[in-house]
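Residue numbers (the UniProt record's numbering): 1 to 230.
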């Protein structure tokens, strides 16, 4: 019921209605922004992902997970809150080896798992949409020492807005394919505030990069954070 009441369910429903869930070729490149080809690819997760265990928190239709499983030979689990998205991801890429899709809340998945992972990542996914004081410690608990958490979030200054002044979530919105806007709560931090939360969870900030959409060059649109478990 939680998933079906969320804006993400409405988004997945419209996407599914607009285009068939059919088998797709895995993308050649992992993407961290909404514009293909901007910024790094999978190398931010580690120099060699072969046979490494990787989890994506908020996998959506599965494109990045499929790229990592096929182009980089990683063992990937994609987790998404919305079962409809998981069914869509399985329709696209369920035939592939080394790739599993699971429906569930990211925090619940991490708490229930007994695995240790070599990399955990989120691309406009659970990080930023789940309370960081809960999610980041759960991520740190599941990461092997020295391994990477990487996540991209909407830049807190996108559109000229000021960065969040405190640790509370801000009101944001999700734009559906039909241009309807639905409200969400988002932890809209700048790099310094993310570093504070990462440090509390036992994670070391390795890099913070910002990217612009070439069509909207005045303000950065994406913040990409990489951190390592101490």
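We put the CB at the ideal spot given by N, CA and C, even for glycine.
None of the values given here were measured: they were computed from a predicted structure.
What are the residues that DSSP puts in a beta bridge with residue i?
| i | result |
| --- | --- |
| residue 181 | 175 |
| residue 194 | None; residue 194 has no bridge partner. |
| residue 203 | 229 |
| residue 222 | 154, 211 |
Can you give me the Cβ contacts of residue i inside the same chain, cut-off strictly under 6 Å, excluding the 5 residues immediately before and after it?
| i | result |
| --- | --- |
| residue 52 | 74, 118 |
| residue 191 | 208 |
| residue 139 | 120, 149 |
| residue 24 | 92 |
| residue 179 | none |
For residue i, which of the options has the nearest alpha-carbon?
| i | options | result |
| --- | --- | --- |
| residue 7 | 212, 176, 205 | 176 |
| residue 54 | 44, 78, 60 | 78 |
| residue 57 | 19, 182, 151, 202 | 151 |
| residue 173 | 183, 166, 167, 165 | 183 |
| residue 194 | 111, 50, 136 | 136 |
| residue 134 | 215, 50, 110, 49 | 110 |
Let me see if you follow: with CB-CB separation under 7 Å, is residue i close to chain C or not?
| i | result |
| --- | --- |
| residue 53 | Absent from the structure: chain C. Only one protein chain is present. |
Starting from the C-beta of residue i, find all residues in its chain whose C-beta is less than 7 Å away, skip the five residues before and the five after it, and write them out in chain order.
| i | result |
| --- | --- |
| residue 3 | Note that residue 3 scores a pLDDT of 47, beneath 50, so its modelled location is shaky; the value from the coordinates is reported in the next line. These residues qualify, in order along the chain: 9, 81, 82, 83. |
| residue 41 | 29, 30 |
| residue 44 | 150, 226 |
By Cβ distance, which residues of its chain are closer than 8 Å to residue i, with the 5 residues on each side in sequence left out?
| i | result |
| --- | --- |
| residue 1 | For residue 1, the pLDDT reaches just 40, beneath the cut-off of 50, and the residue's location in the model is therefore unreliable, although a value from the coordinates is still provided. Hits under 8 Å: none found. |
Indicate whether the contact test is met: 3 or more Cβ pairs, each with one atom in the segment 87 to 103 and one in the segment 119 to 131, closer than 8 Å. no
Counting only runs of 3+ residues fully inside the UniProt domain "Methyltransferase" (54 to 146), write out the beta strand (DSSP E) ranges in chain order. 75 to 80, 99 to 103, 117 to 123
Cβ pair count under 8 Å reaching 3, the segment 209 to 225 against the segment 27 to 45: yes
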